Amino acid sequence: MYGKSSWHFPSSIIIDEVTQLYKNKGFWHVVVSVREEKNRVFCLINEGVRVKIDEIQCENNEQFSKKDIERAAFKSFLRARYFDKDLCKKSTDELIAFYKQHGFWDVQILEEQFVAKNDKKDLYDLQLTIQEGKQRKLGRAIVHDYPEIERMGPFILGDSGSIDFDQNILLEQKQWLLRYFKNLGHTKVAVNGELQERDGLLDVFWTVTLKEQSIKFGKPLIIGDSVVAPDKILREVTCKQGDDWNKEKIEETLKKLRELEVFETIQVYPSRDSDDELQKPIFVKVIDGSRYEFRTRMGYQQVGKDFRFGKGHTYKIGASFLIRNPFKMADKLIFEGDFTRYYRNAMIAYQFPWLLHRSIRCQYKLYDTMYDQPVFIGSKHSLYQAGQRGILFNMTKSFDKTILSGNVGVEFMGIAQADEPHLQSVIDYDKKLLDKKIGYLFFEPNVMWQKTDSILNPKNGHLSFISCKGMIDLDSKTSFCKLLVEHSFYVSLKDPLVLAVRMRGGHVFNRYYNQIIPIERFYLGGANSLRGYERDYC
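Each step along the sequence shown adds one to the number in my numbering, with nothing skipped, and position 158 is 150.
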(Lines of atoms letter the chains of each structure in order from A and count residues from 1; the text may use other names and numbers.)
(Lines give C-alpha, C1' and ligand atoms only; values in the text may rest on other atoms or scores of the structure.)
Protein backbone atom coordinates (compact mmCIF):
# COMPACT_ATOMS: atom_id res chain seq x y z
CA MET A 1 0.00 0.00 0.00
CA TYR A 2 2.85 2.42 0.83
CA GLY A 3 5.34 1.25 -1.79
CA LYS A 4 8.95 2.22 -1.10
CA SER A 5 7.83 4.37 1.83
CA SER A 6 7.15 1.19 3.83
CA TRP A 7 10.94 0.87 4.44
CA HIS A 8 10.69 3.85 6.76
CA PHE A 9 8.26 2.04 9.09
CA PRO A 10 9.65 0.73 12.36
CA SER A 11 9.73 -3.05 12.83
CA SER A 12 6.99 -2.91 15.49
CA ILE A 13 4.43 -1.69 12.93
CA ILE A 14 5.32 -4.50 10.54
CA ILE A 15 4.93 -7.03 13.35
CA ASP A 16 1.51 -5.62 14.32
CA GLU A 17 0.25 -5.67 10.72
CA VAL A 18 1.31 -9.25 10.01
CA THR A 19 0.06 -10.46 13.39
CA GLN A 20 -3.36 -8.87 12.80
CA LEU A 21 -3.65 -10.45 9.35
CA TYR A 22 -3.08 -13.89 10.87
CA LYS A 23 -5.44 -13.36 13.81
CA ASN A 24 -8.24 -12.25 11.48
CA LYS A 25 -8.04 -15.69 9.86
CA GLY A 26 -7.99 -17.72 13.09
CA PHE A 27 -4.26 -17.91 13.97
CA TRP A 28 -4.74 -16.47 17.44
CA HIS A 29 -1.45 -17.82 18.85
CA VAL A 30 0.79 -16.58 16.05
CA VAL A 31 4.21 -15.20 17.01
CA VAL A 32 5.94 -12.81 14.59
CA SER A 33 9.47 -11.45 14.91
CA VAL A 34 11.54 -9.34 12.57
CA ARG A 35 15.26 -9.50 11.73
CA GLU A 36 16.62 -6.50 9.92
CA GLU A 37 19.60 -6.56 7.58
CA LYS A 38 20.90 -4.02 5.11
CA ASN A 39 18.08 -3.22 2.63
CA ARG A 40 16.15 -6.32 3.81
CA VAL A 41 13.65 -7.22 6.50
CA PHE A 42 12.88 -10.86 7.37
CA CYS A 43 9.55 -11.74 9.03
CA LEU A 44 9.93 -14.93 11.09
CA ILE A 45 6.47 -16.39 11.66
CA ASN A 46 5.40 -19.17 14.00
CA GLU A 47 1.74 -19.64 12.99
CA GLY A 48 0.61 -22.01 15.72
CA VAL A 49 -2.71 -23.85 15.60
CA ARG A 50 -5.66 -22.44 13.69
CA VAL A 51 -8.86 -21.85 15.65
CA LYS A 52 -12.23 -23.41 14.87
CA ILE A 53 -15.61 -22.26 16.25
CA ASP A 54 -17.71 -25.16 17.47
CA GLU A 55 -21.01 -23.52 18.49
CA ILE A 56 -22.73 -20.32 19.53
CA GLN A 57 -23.70 -19.72 23.18
CA CYS A 58 -26.19 -16.96 24.00
CA GLU A 59 -27.19 -15.10 27.16
CA ASN A 60 -30.35 -13.04 27.78
CA ASN A 61 -31.93 -14.30 24.54
CA GLU A 62 -35.52 -14.62 25.79
CA GLN A 63 -37.39 -14.26 22.49
CA PHE A 64 -35.39 -16.60 20.25
CA SER A 65 -33.68 -19.90 20.96
CA LYS A 66 -30.05 -20.63 20.20
CA LYS A 67 -31.13 -22.70 17.17
CA ASP A 68 -33.19 -19.78 15.83
CA ILE A 69 -30.18 -17.47 16.17
CA GLU A 70 -27.80 -19.92 14.50
CA ARG A 71 -30.24 -20.53 11.66
CA ALA A 72 -30.91 -16.83 11.12
CA ALA A 73 -27.35 -15.46 11.19
CA PHE A 74 -24.55 -17.94 11.87
CA LYS A 75 -24.99 -20.78 9.36
CA SER A 76 -22.15 -19.63 7.09
CA PHE A 77 -19.94 -18.75 10.06
CA LEU A 78 -20.30 -22.23 11.63
CA ARG A 79 -19.94 -24.01 8.30
CA ALA A 80 -16.59 -22.30 7.71
CA ARG A 81 -13.68 -24.59 8.51
CA TYR A 82 -11.80 -21.97 10.56
CA PHE A 83 -12.48 -18.68 12.29
CA ASP A 84 -12.82 -15.64 10.00
CA LYS A 85 -13.19 -12.18 11.52
CA ASP A 86 -15.01 -10.70 8.51
CA LEU A 87 -17.48 -13.58 8.46
CA CYS A 88 -18.01 -13.19 12.21
CA LYS A 89 -18.76 -9.47 11.79
CA LYS A 90 -21.18 -10.23 8.94
CA SER A 91 -23.01 -12.81 11.09
CA THR A 92 -23.42 -10.48 14.07
CA ASP A 93 -24.75 -7.78 11.72
CA GLU A 94 -27.25 -10.28 10.34
CA LEU A 95 -28.30 -11.15 13.90
CA ILE A 96 -29.00 -7.47 14.63
CA ALA A 97 -30.97 -7.20 11.38
CA PHE A 98 -32.91 -10.38 12.27
CA TYR A 99 -33.96 -8.93 15.62
CA LYS A 100 -34.95 -5.61 14.05
CA GLN A 101 -37.11 -7.42 11.47
CA HIS A 102 -39.07 -8.83 14.40
CA GLY A 103 -39.63 -5.47 16.04
CA PHE A 104 -36.62 -5.27 18.42
CA TRP A 105 -35.44 -1.79 17.41
CA ASP A 106 -33.07 -1.33 20.39
CA VAL A 107 -31.26 -4.68 20.28
CA GLN A 108 -27.56 -4.66 21.15
CA ILE A 109 -24.79 -7.23 21.48
CA LEU A 110 -23.20 -6.22 24.76
CA GLU A 111 -20.29 -8.66 24.72
CA GLU A 112 -18.58 -11.15 22.40
CA GLN A 113 -16.35 -13.66 24.16
CA PHE A 114 -14.48 -16.70 22.84
CA VAL A 115 -14.12 -19.59 25.31
CA ALA A 116 -11.67 -22.45 24.69
CA LYS A 117 -13.11 -25.97 24.73
CA ASN A 118 -9.90 -28.06 24.83
CA ASP A 119 -6.28 -27.89 26.00
CA LYS A 120 -4.90 -27.41 22.50
CA LYS A 121 -6.86 -24.16 22.31
CA ASP A 122 -7.87 -24.82 18.69
CA LEU A 123 -11.61 -25.25 19.44
CA TYR A 124 -13.71 -22.41 20.87
CA ASP A 125 -17.30 -21.40 21.54
CA LEU A 126 -18.56 -17.91 20.77
CA GLN A 127 -20.55 -16.50 23.71
CA LEU A 128 -22.87 -13.58 22.95
CA THR A 129 -24.50 -11.43 25.59
CA ILE A 130 -27.61 -9.93 23.99
CA GLN A 131 -29.77 -7.06 25.17
CA GLU A 132 -32.99 -7.53 23.24
CA GLY A 133 -34.93 -4.50 24.42
CA LYS A 134 -38.66 -3.96 23.85
CA GLN A 135 -40.47 -5.64 20.98
CA ARG A 136 -42.73 -3.43 18.85
CA LYS A 137 -45.85 -4.77 17.16
CA LEU A 138 -47.44 -3.09 14.15
CA GLY A 139 -51.08 -2.11 14.44
CA ARG A 140 -52.75 -0.19 11.62
CA ALA A 141 -51.44 1.87 8.72
CA ILE A 142 -53.69 4.91 8.16
CA VAL A 143 -53.37 7.37 5.27
CA HIS A 144 -55.15 10.66 6.06
CA ASP A 145 -57.72 11.72 3.41
CA TYR A 146 -57.04 8.61 1.31
CA PRO A 147 -58.70 5.63 3.05
CA GLU A 148 -58.88 3.64 -0.21
CA ILE A 149 -55.07 3.32 -0.17
CA GLU A 150 -55.23 1.33 3.07
CA ARG A 151 -56.51 -1.63 1.02
CA MET A 152 -53.64 -1.48 -1.48
CA GLY A 153 -50.00 -2.60 -1.75
CA PRO A 154 -47.90 -2.70 1.45
CA PHE A 155 -50.75 -1.21 3.52
CA ILE A 156 -52.60 -4.55 3.61
CA LEU A 157 -51.34 -5.82 6.95
CA GLY A 158 -53.68 -8.68 7.78
CA ASP A 159 -54.87 -9.12 11.36
CA SER A 160 -54.08 -6.12 13.52
CA GLY A 161 -51.32 -6.76 16.03
CA SER A 162 -50.03 -9.97 14.41
CA ILE A 163 -47.06 -8.38 12.64
CA ASP A 164 -43.64 -7.75 14.12
CA PHE A 165 -42.78 -4.12 13.37
CA ASP A 166 -39.84 -4.12 10.97
CA GLN A 167 -38.63 -0.57 10.36
CA ASN A 168 -38.24 -1.42 6.68
CA ILE A 169 -42.06 -1.46 6.49
CA LEU A 170 -42.04 2.31 7.03
CA LEU A 171 -39.57 2.84 4.21
CA GLU A 172 -41.51 0.54 1.87
CA GLN A 173 -44.82 2.32 2.57
CA LYS A 174 -43.28 5.78 2.11
CA GLN A 175 -41.69 4.88 -1.22
CA TRP A 176 -44.95 3.29 -2.38
CA LEU A 177 -46.88 6.50 -1.59
CA LEU A 178 -44.35 8.63 -3.48
CA ARG A 179 -44.56 6.40 -6.58
CA TYR A 180 -48.36 6.20 -6.38
CA PHE A 181 -48.95 9.95 -6.38
CA LYS A 182 -46.23 10.65 -8.94
CA ASN A 183 -47.88 8.16 -11.29
CA LEU A 184 -51.05 10.25 -10.88
CA GLY A 185 -49.14 13.26 -12.20
CA HIS A 186 -48.14 15.04 -8.98
CA THR A 187 -44.52 16.08 -9.44
CA LYS A 188 -44.06 17.47 -5.91
CA VAL A 189 -45.20 15.12 -3.16
CA ALA A 190 -44.32 15.24 0.55
CA VAL A 191 -44.99 12.18 2.73
CA ASN A 192 -44.66 12.27 6.53
CA GLY A 193 -45.28 9.44 8.98
CA GLU A 194 -46.11 9.51 12.68
CA LEU A 195 -46.21 6.63 15.17
CA GLN A 196 -48.85 6.42 17.90
CA GLU A 197 -49.08 3.71 20.56
CA ARG A 198 -52.41 1.97 21.11
CA ASP A 199 -52.92 -1.01 23.44
CA GLY A 200 -49.28 -2.04 23.09
CA LEU A 201 -49.35 -1.64 19.31
CA LEU A 202 -47.83 1.06 17.13
CA ASP A 203 -50.14 2.61 14.54
CA VAL A 204 -48.63 4.45 11.57
CA PHE A 205 -50.35 7.65 10.45
CA TRP A 206 -49.29 8.94 7.04
CA THR A 207 -49.88 12.50 5.86
CA VAL A 208 -49.58 13.20 2.13
CA THR A 209 -49.09 16.79 0.99
CA LEU A 210 -49.49 17.59 -2.70
CA LYS A 211 -47.65 20.82 -3.32
CA GLU A 212 -49.07 21.52 -6.77
CA GLN A 213 -52.16 20.85 -8.86
CA SER A 214 -52.40 17.44 -10.49
CA ILE A 215 -51.24 17.20 -14.11
CA LYS A 216 -53.79 15.94 -16.63
CA PHE A 217 -53.60 14.24 -19.99
CA GLY A 218 -53.62 16.57 -22.96
CA LYS A 219 -54.68 15.88 -26.52
CA PRO A 220 -53.29 12.63 -28.04
CA LEU A 221 -51.33 13.33 -31.23
CA ILE A 222 -50.63 10.62 -33.85
CA ILE A 223 -47.26 10.85 -35.61
CA GLY A 224 -45.12 8.47 -37.66
CA ASP A 225 -45.83 6.61 -40.89
CA SER A 226 -48.93 4.42 -41.12
CA VAL A 227 -51.68 3.73 -43.64
CA VAL A 228 -54.12 3.33 -40.71
CA ALA A 229 -56.20 6.47 -40.25
CA PRO A 230 -55.35 8.48 -37.08
CA ASP A 231 -58.96 8.37 -35.83
CA LYS A 232 -58.79 4.55 -35.86
CA ILE A 233 -55.49 4.48 -33.95
CA LEU A 234 -57.03 6.81 -31.36
CA ARG A 235 -59.56 4.08 -30.52
CA GLU A 236 -56.72 2.16 -28.84
CA VAL A 237 -55.50 5.18 -26.84
CA THR A 238 -56.72 5.06 -23.23
CA CYS A 239 -55.14 8.45 -22.33
CA LYS A 240 -58.19 10.69 -22.81
CA GLN A 241 -57.80 14.46 -22.76
CA GLY A 242 -58.68 15.97 -19.38
CA ASP A 243 -58.19 12.72 -17.40
CA ASP A 244 -55.90 12.77 -14.35
CA TRP A 245 -52.38 11.71 -15.14
CA ASN A 246 -51.82 7.98 -14.75
CA LYS A 247 -48.69 6.24 -15.98
CA GLU A 248 -50.52 2.91 -16.19
CA LYS A 249 -52.79 4.29 -18.93
CA ILE A 250 -49.74 5.01 -21.08
CA GLU A 251 -48.55 1.43 -20.58
CA GLU A 252 -52.03 0.12 -21.37
CA THR A 253 -52.12 2.13 -24.61
CA LEU A 254 -48.74 0.70 -25.60
CA LYS A 255 -49.95 -2.83 -24.85
CA LYS A 256 -53.16 -2.46 -26.91
CA LEU A 257 -51.28 -1.09 -29.93
CA ARG A 258 -48.79 -3.97 -29.77
CA GLU A 259 -51.63 -6.51 -29.70
CA LEU A 260 -52.72 -5.29 -33.15
CA GLU A 261 -49.50 -6.82 -34.57
CA VAL A 262 -49.42 -4.50 -37.59
CA PHE A 263 -46.85 -1.91 -36.46
CA GLU A 264 -43.08 -2.34 -36.52
CA THR A 265 -42.40 0.61 -34.18
CA ILE A 266 -44.66 1.89 -31.38
CA GLN A 267 -43.80 4.71 -28.98
CA VAL A 268 -46.12 6.48 -26.52
CA TYR A 269 -44.65 9.39 -24.58
CA PRO A 270 -45.77 12.73 -23.07
CA SER A 271 -44.68 16.21 -24.05
CA ARG A 272 -42.10 17.84 -21.80
CA ASP A 273 -44.20 20.98 -21.38
CA SER A 274 -47.67 21.55 -19.96
CA ASP A 275 -50.21 24.13 -21.08
CA ASP A 276 -51.94 26.71 -18.87
CA GLU A 277 -54.41 24.05 -17.68
CA LEU A 278 -51.54 21.71 -16.65
CA GLN A 279 -52.34 19.32 -19.52
CA LYS A 280 -49.55 17.40 -21.22
CA PRO A 281 -50.11 16.29 -24.83
CA ILE A 282 -49.44 12.61 -25.54
CA PHE A 283 -47.50 11.63 -28.65
CA VAL A 284 -48.30 8.27 -30.25
CA LYS A 285 -45.71 7.32 -32.85
CA VAL A 286 -46.42 4.30 -35.04
CA ILE A 287 -44.62 2.93 -38.09
CA ASP A 288 -46.19 0.13 -40.13
CA GLY A 289 -44.59 -3.29 -40.31
CA SER A 290 -43.96 -5.19 -43.54
CA ARG A 291 -47.13 -5.50 -45.59
CA TYR A 292 -46.40 -9.12 -46.54
CA GLU A 293 -44.82 -11.82 -44.42
CA PHE A 294 -44.16 -15.47 -45.20
CA ARG A 295 -43.20 -17.96 -42.48
CA THR A 296 -42.23 -21.61 -42.83
CA ARG A 297 -41.63 -24.29 -40.24
CA MET A 298 -40.64 -27.93 -40.34
CA GLY A 299 -39.48 -30.53 -37.89
CA TYR A 300 -39.61 -34.06 -36.62
CA GLN A 301 -41.97 -35.34 -33.92
CA GLN A 302 -41.72 -38.50 -31.83
CA VAL A 303 -44.87 -39.67 -30.06
CA GLY A 304 -44.74 -42.90 -28.11
CA LYS A 305 -44.78 -44.69 -24.79
CA ASP A 306 -40.98 -44.77 -24.91
CA PHE A 307 -38.15 -43.26 -26.96
CA ARG A 308 -37.65 -46.09 -29.43
CA PHE A 309 -36.79 -44.51 -32.74
CA GLY A 310 -39.18 -44.96 -35.62
CA LYS A 311 -42.27 -45.82 -33.59
CA GLY A 312 -44.96 -43.17 -33.58
CA HIS A 313 -42.77 -40.69 -35.46
CA THR A 314 -43.83 -38.15 -38.05
CA TYR A 315 -42.60 -35.19 -40.00
CA LYS A 316 -44.14 -31.76 -39.35
CA ILE A 317 -44.27 -29.05 -41.99
CA GLY A 318 -46.22 -25.82 -42.07
CA ALA A 319 -46.39 -22.35 -43.54
CA SER A 320 -48.14 -19.04 -42.90
CA PHE A 321 -48.70 -16.08 -45.19
CA LEU A 322 -49.78 -12.74 -43.68
CA ILE A 323 -51.07 -9.60 -45.34
CA ARG A 324 -51.14 -6.59 -43.01
CA ASN A 325 -53.56 -3.71 -43.45
CA PRO A 326 -55.28 -5.02 -46.60
CA PHE A 327 -58.11 -2.51 -45.99
CA LYS A 328 -55.96 0.05 -44.11
CA MET A 329 -57.70 -0.46 -40.77
CA ALA A 330 -55.12 -2.42 -38.69
CA ASP A 331 -56.54 -5.65 -40.09
CA LYS A 332 -54.79 -8.87 -41.14
CA LEU A 333 -55.43 -11.62 -43.67
CA ILE A 334 -53.85 -14.94 -42.72
CA PHE A 335 -53.36 -18.15 -44.73
CA GLU A 336 -52.00 -21.04 -42.72
CA GLY A 337 -51.43 -24.77 -43.09
CA ASP A 338 -49.79 -27.53 -41.01
CA PHE A 339 -49.30 -31.17 -42.01
CA THR A 340 -48.01 -34.39 -40.40
CA ARG A 341 -48.51 -38.09 -41.03
CA TYR A 342 -51.49 -38.00 -38.66
CA TYR A 343 -53.28 -34.73 -39.35
CA ARG A 344 -53.63 -31.81 -41.71
CA ASN A 345 -54.97 -28.39 -40.87
CA ALA A 346 -55.68 -25.54 -43.28
CA MET A 347 -57.08 -22.17 -42.31
CA ILE A 348 -57.92 -18.77 -43.80
CA ALA A 349 -58.67 -15.97 -41.34
CA TYR A 350 -59.45 -12.29 -41.54
CA GLN A 351 -58.92 -10.28 -38.35
CA PHE A 352 -60.00 -6.73 -37.63
CA PRO A 353 -59.76 -4.91 -34.28
CA TRP A 354 -62.94 -2.84 -34.05
CA LEU A 355 -66.65 -3.49 -34.21
CA LEU A 356 -68.88 -0.43 -34.71
CA HIS A 357 -66.14 1.93 -33.44
CA ARG A 358 -65.65 -0.16 -30.30
CA SER A 359 -62.40 -1.91 -29.36
CA ILE A 360 -63.70 -5.45 -29.89
CA ARG A 361 -61.37 -7.88 -31.64
CA CYS A 362 -63.16 -9.75 -34.44
CA GLN A 363 -62.22 -12.62 -36.71
CA TYR A 364 -63.74 -14.54 -39.61
CA LYS A 365 -62.22 -17.99 -39.98
CA LEU A 366 -62.59 -20.70 -42.60
CA TYR A 367 -60.98 -24.00 -41.57
CA ASP A 368 -60.51 -27.60 -42.68
CA THR A 369 -59.03 -30.15 -40.26
CA MET A 370 -58.58 -33.89 -40.59
CA TYR A 371 -56.63 -36.23 -38.33
CA ASP A 372 -56.24 -39.92 -37.41
CA GLN A 373 -56.90 -41.02 -33.83
CA PRO A 374 -54.39 -43.78 -32.88
CA VAL A 375 -55.53 -46.81 -30.93
CA PHE A 376 -52.78 -46.11 -28.40
CA ILE A 377 -49.64 -44.02 -28.21
CA GLY A 378 -47.22 -45.08 -30.92
CA SER A 379 -49.72 -47.44 -32.55
CA LYS A 380 -49.49 -48.01 -36.30
CA HIS A 381 -53.27 -48.44 -36.43
CA SER A 382 -55.86 -45.67 -36.30
CA LEU A 383 -59.15 -46.03 -34.47
CA TYR A 384 -60.98 -43.55 -36.68
CA GLN A 385 -60.41 -40.63 -38.99
CA ALA A 386 -62.06 -37.37 -37.91
CA GLY A 387 -62.83 -34.35 -40.04
CA GLN A 388 -64.04 -30.82 -39.27
CA ARG A 389 -64.85 -28.13 -41.81
CA GLY A 390 -66.54 -24.88 -41.08
CA ILE A 391 -66.68 -21.14 -40.86
CA LEU A 392 -66.95 -19.08 -37.70
CA PHE A 393 -67.10 -15.53 -36.47
CA ASN A 394 -65.30 -14.66 -33.24
CA MET A 395 -65.53 -11.58 -31.00
CA THR A 396 -63.21 -10.86 -28.05
CA LYS A 397 -63.34 -8.02 -25.54
CA SER A 398 -60.62 -7.54 -22.93
CA PHE A 399 -61.09 -5.82 -19.60
CA ASP A 400 -58.69 -5.28 -16.70
CA LYS A 401 -58.83 -8.85 -15.33
CA THR A 402 -61.46 -10.45 -17.56
CA ILE A 403 -61.64 -11.57 -21.20
CA LEU A 404 -65.03 -12.22 -22.81
CA SER A 405 -65.17 -14.02 -26.14
CA GLY A 406 -67.64 -15.91 -28.26
CA ASN A 407 -67.86 -17.95 -31.47
CA VAL A 408 -70.80 -18.51 -33.81
CA GLY A 409 -70.68 -20.46 -37.03
CA VAL A 410 -71.45 -23.52 -39.08
CA GLU A 411 -69.44 -26.73 -38.94
CA PHE A 412 -69.58 -30.05 -40.75
CA MET A 413 -68.16 -32.78 -38.58
CA GLY A 414 -67.90 -36.54 -38.71
CA ILE A 415 -65.71 -39.58 -38.42
CA ALA A 416 -64.83 -42.39 -40.81
CA GLN A 417 -63.67 -45.92 -40.11
CA ALA A 418 -59.88 -46.25 -40.24
CA ASP A 419 -57.77 -49.42 -40.38
CA GLU A 420 -59.04 -50.60 -36.97
CA PRO A 421 -62.41 -52.23 -37.79
CA HIS A 422 -64.00 -52.40 -34.35
CA LEU A 423 -64.60 -48.79 -33.29
CA GLN A 424 -67.79 -49.52 -31.37
CA SER A 425 -66.04 -52.21 -29.30
CA VAL A 426 -63.51 -49.68 -28.07
CA ILE A 427 -65.76 -46.64 -27.70
CA ASP A 428 -69.49 -46.69 -26.95
CA TYR A 429 -70.51 -45.18 -30.27
CA ASP A 430 -73.44 -45.59 -32.68
CA LYS A 431 -71.89 -47.09 -35.82
CA LYS A 432 -74.74 -45.65 -37.93
CA LEU A 433 -73.01 -42.28 -37.62
CA LEU A 434 -69.83 -43.57 -39.30
CA ASP A 435 -68.96 -42.11 -42.71
CA LYS A 436 -71.62 -39.45 -42.25
CA LYS A 437 -71.01 -35.70 -42.29
CA ILE A 438 -73.28 -33.88 -39.85
CA GLY A 439 -73.87 -30.16 -40.16
CA TYR A 440 -74.09 -28.06 -36.99
CA LEU A 441 -74.99 -24.51 -36.19
CA PHE A 442 -72.89 -23.72 -33.13
CA PHE A 443 -72.35 -21.01 -30.55
CA GLU A 444 -69.62 -20.91 -27.89
CA PRO A 445 -69.35 -18.12 -25.28
CA ASN A 446 -66.20 -18.09 -23.12
CA VAL A 447 -65.19 -16.18 -19.98
CA MET A 448 -61.67 -16.01 -18.58
CA TRP A 449 -60.92 -14.26 -15.28
CA GLN A 450 -57.26 -13.81 -14.42
CA LYS A 451 -55.85 -12.25 -11.27
CA THR A 452 -52.20 -13.28 -11.00
CA ASP A 453 -49.03 -11.35 -10.24
CA SER A 454 -47.48 -12.50 -13.54
CA ILE A 455 -48.87 -13.98 -16.73
CA LEU A 456 -45.82 -16.06 -17.69
CA ASN A 457 -44.57 -17.04 -14.24
CA PRO A 458 -47.37 -16.66 -11.66
CA LYS A 459 -46.56 -17.05 -7.97
CA ASN A 460 -49.79 -15.72 -6.44
CA GLY A 461 -53.36 -15.42 -7.66
CA HIS A 462 -55.86 -17.44 -9.63
CA LEU A 463 -57.09 -18.09 -13.17
CA SER A 464 -60.62 -19.22 -14.06
CA PHE A 465 -62.12 -20.25 -17.39
CA ILE A 466 -65.72 -21.13 -18.34
CA SER A 467 -66.85 -22.34 -21.76
CA CYS A 468 -70.29 -23.38 -22.97
CA LYS A 469 -70.51 -24.85 -26.47
CA GLY A 470 -73.87 -25.55 -28.08
CA MET A 471 -74.05 -27.64 -31.28
CA ILE A 472 -77.43 -27.85 -33.04
CA ASP A 473 -77.81 -30.18 -36.03
CA LEU A 474 -80.60 -30.21 -38.60
CA ASP A 475 -82.40 -33.39 -37.56
CA SER A 476 -81.88 -32.87 -33.76
CA LYS A 477 -80.50 -36.35 -33.16
CA THR A 478 -76.96 -35.50 -32.23
CA SER A 479 -77.39 -31.97 -30.84
CA PHE A 480 -75.57 -31.38 -27.60
CA CYS A 481 -74.30 -28.75 -25.17
CA LYS A 482 -70.78 -29.03 -23.77
CA LEU A 483 -69.90 -27.21 -20.53
CA LEU A 484 -66.29 -26.89 -19.38
CA VAL A 485 -65.04 -25.18 -16.20
CA GLU A 486 -61.37 -24.77 -15.25
CA HIS A 487 -59.77 -23.12 -12.24
CA SER A 488 -56.09 -22.68 -11.34
CA PHE A 489 -54.64 -21.02 -8.28
CA TYR A 490 -51.10 -20.28 -7.18
CA VAL A 491 -49.73 -19.88 -3.65
CA SER A 492 -46.15 -18.79 -2.95
CA LEU A 493 -44.86 -21.07 -0.19
CA LYS A 494 -41.21 -20.07 0.15
CA ASP A 495 -39.21 -18.57 -2.67
CA PRO A 496 -38.77 -20.13 -5.20
CA LEU A 497 -41.33 -22.83 -4.22
CA VAL A 498 -44.87 -22.26 -5.55
CA LEU A 499 -47.94 -24.45 -5.04
CA ALA A 500 -49.92 -24.58 -8.30
CA VAL A 501 -53.26 -26.42 -8.42
CA ARG A 502 -55.45 -26.82 -11.51
CA MET A 503 -58.96 -28.28 -11.52
CA ARG A 504 -61.01 -29.10 -14.60
CA GLY A 505 -64.54 -30.38 -14.89
CA GLY A 506 -67.15 -30.64 -17.59
CA HIS A 507 -70.27 -32.33 -18.86
CA VAL A 508 -71.81 -33.03 -22.26
CA PHE A 509 -75.59 -32.69 -22.22
CA ASN A 510 -77.08 -35.11 -24.79
CA ARG A 511 -80.02 -37.46 -24.95
CA TYR A 512 -77.97 -40.49 -25.97
CA TYR A 513 -74.40 -41.01 -24.89
CA ASN A 514 -73.43 -43.15 -27.89
CA GLN A 515 -74.42 -40.33 -30.26
CA ILE A 516 -71.83 -37.93 -28.89
CA ILE A 517 -69.22 -37.76 -31.62
CA PRO A 518 -65.90 -39.00 -30.15
CA ILE A 519 -63.96 -35.84 -31.03
CA GLU A 520 -66.32 -33.82 -28.80
CA ARG A 521 -65.84 -36.03 -25.74
CA PHE A 522 -63.36 -35.37 -22.95
CA TYR A 523 -59.76 -36.49 -23.29
CA LEU A 524 -56.45 -35.81 -21.59
CA GLY A 525 -53.11 -34.91 -23.11
CA GLY A 526 -51.37 -31.73 -24.18
CA ALA A 527 -49.61 -28.84 -22.48
CA ASN A 528 -52.43 -28.19 -20.01
CA SER A 529 -53.05 -31.70 -18.69
CA LEU A 530 -50.84 -34.77 -19.32
CA ARG A 531 -47.76 -33.11 -20.78
CA GLY A 532 -46.12 -36.37 -21.84
CA TYR A 533 -48.85 -36.98 -24.42
CA GLU A 534 -50.17 -35.17 -27.43
CA ARG A 535 -53.51 -33.41 -27.13
CA ASP A 536 -56.49 -35.83 -26.87
CA TYR A 537 -54.22 -38.89 -26.92
CA CYS A 538 -55.49 -40.23 -23.58
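Here a beta-carbon is modelled for each residue, glycine too, at the ideal position from N, C-alpha and C. These figures come from a predicted structure and were not determined experimentally.
When the distance is taken between beta carbons, is residue j closer than 9 Å to residue i?
i    : j    : result
A133 : V196 : yes
V400 : K451 : no
Y172 : I122 : no
E124 : N53  : yes
F209 : D236 : yes
V183 : K166 : yes
D360 : Q380 : yes
N449 : I395 : no
G131 : L194 : yes
I215 : H178 : no
A341 : Y363 : no
F533 : L348 : This structure leaves residue 533 out entirely; the chain is present only between -7 and 530.
F69  : K17  : no
R496 : S521 : yes
Q279 : T306 : This sequence places Ile at residue 279; Gln is not what is there. No, these two residues do not count as a Cβ contact at 9 Å.
V418 : L375 : yes
L149 : I155 : yes
D427 : A408 : yes
S397 : K248 : no
I508 : V500 : yes
K461 : K443 : no
R287 : L314 : yes
L384 : F434 : yes
S3   : E28  : yes
D46  : D117 : yes
Mind reading off the beta-carbon distance from residue i to residue j? Whole number of angstroms is fine, and I expect it under 8 Å.
i    : j    : result
R128 : W97  : 6 Å
D465 : S471 : 5 Å
H454 : S484 : Between S484 and H454 the Cβ distance is about 13 Å, and since that is not below 8 Å, they are no contact.
V107 : Q93  : That belief does not hold up - the Cβ atoms of V107 and Q93 are roughly 29 Å apart, past 8 Å.
S312 : F327 : 7 Å
K232 : A322 : Contact flag wrong, Cβ pair sits at about 20 Å.
S263 : K272 : 5 Å
L115 : K44  : 5 Å
G310 : R289 : 5 Å
K320 : V220 : 6 Å
T199 : H136 : 5 Å
Spell out the partners DSSP gives residue i in its beta bridges.
i    : result
H499 : L475
L348 : BP columns for L348 are empty, so no partner.
R494 : S480
W441 : T394, S456
M362 : R336, G379
Q100 : Q123
W198 : V135, G185
T306 : Q293
F313 : F286, F327
S68  : According to DSSP, which records beta bridges pairwise, S68 is partnered with nothing at all.
G406 : G379
F385 : Y356, V400
E436 : N399
R143 : DSSP lists no partner for R143.
R190 : L193
Taking the continuous alpha helix (DSSP H) assigned at residue i, which residues delimit it?
i    : result
E9   : 3 to 16
Y91  : 77 to 93
D60  : 58 to 65
I172 : Correcting the residue type first, residue 172 is Tyr in the shown sequence and not Ile. Residues 160 to 175.
D587 : Shown here, the chain extends from -7 to 530; a query on residue 587 therefore has no answer.
I37  : It is not in any alpha helix (DSSP H) - I37 instead sits in the beta strand (DSSP E) that spans 32 to 38.
I242 : 239 to 251
Evaluate residue i with the Cβ neighbour count: other Cβ atoms within 10 Å of its Cβ, from every protein chain shown; 16 or more gives buried, anything less gives exposed.
i    : result
Y432 : buried
P345 : buried
Y91  : buried
E33  : A small correction: the amino acid at residue 33 is Val; Glu does not occupy that position in the sequence shown. That one is exposed.
K423 : exposed
L87  : buried
M463 : buried
R143 : exposed
V99  : buried
G234 : exposed
In the DSSP assignment, the beta strand (DSSP E) including residue i goes from what residue to what residue?
i    : result
P262 : 255 to 262
T288 : 284 to 294
P212 : 208 to 217
R27  : 23 to 29
I279 : 271 to 280
E531 : Nothing in the structure corresponds to residue 531, since the chain is present only between -7 and 530.
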